[in-house]
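Written out below as structure tokens is the structure these notes cover.
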Amino acid sequence: MRTPMTIPTVDLSPFFIAGDESGREKAKESITKACTDYGYSDEIKRKCSSNPGAPLPAGYNKQPEQSPDKNEYLLMFPPESVFNILPNNPLHFR
Numbered sequence: 032m033r034t035p036m037t038i039p040t041v042d043l044s045p046f047f048i049a050g051d052e053s054g055r056e057k058a059k060e061s062i063t064k065a066c067t068d069y070g071y072s073d074e075i076k077r078k079c080s081s082n083p084g085a086p087l088p089a090g091y092n093k094q095p096e097q098s099p100d101k102n103e104y105l106l107m108f109p110p111e112s113v114f115n116i117l118p119n120n121p122l123h124f125r
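For what it's worth, our numbering labels the leading residue of the sequence shown as 32, then goes sequentially.
See below:
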């Protein structure tokens, strides 16, 4: 029987604690693993792109294909913000 995939929770508190370098490294590794192992196709990601009224390009964004920098990023506002664009599937991914 296959265990359902669960999106991991990453503790970001080490970034708010001065001098917790090992905690920061662990959090970075957890984020990298989560982004590598749990993801969405480009089509689904684009549906969560830039809310036109947002003060910054919120949601999922990706550097243009011709750019030497191939970074993808997700910019979120505080949870209560109306500018956040969240995926519909899975519903619990909030």
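Just so you know, even glycine gets a beta-carbon here, dropped at the ideal spot from N, CA and C.
In this text, all values refer to a predicted model and were calculated from it rather than measured experimentally.
- Per DSSP, the beta bridge partners of N92 are Y104.
- In the three-state reduction of the DSSP assignment, T63 falls in the helix class, which pools H, G and I.
- N115 and S72 have their C-alpha atoms some 19 Å from each other.
- Shown here, D42 sits in coil according to DSSP, grouped into three states, outside any helix or strand.
- In this model, Q97 and I62 are separated by some 26 Å (Cα to Cα).
- Distance from the Cα of N102 is smallest, within the candidate group F108, P109 and Y91, for Y91.
- The three-state secondary structure of A49, taken from DSSP, is coil.
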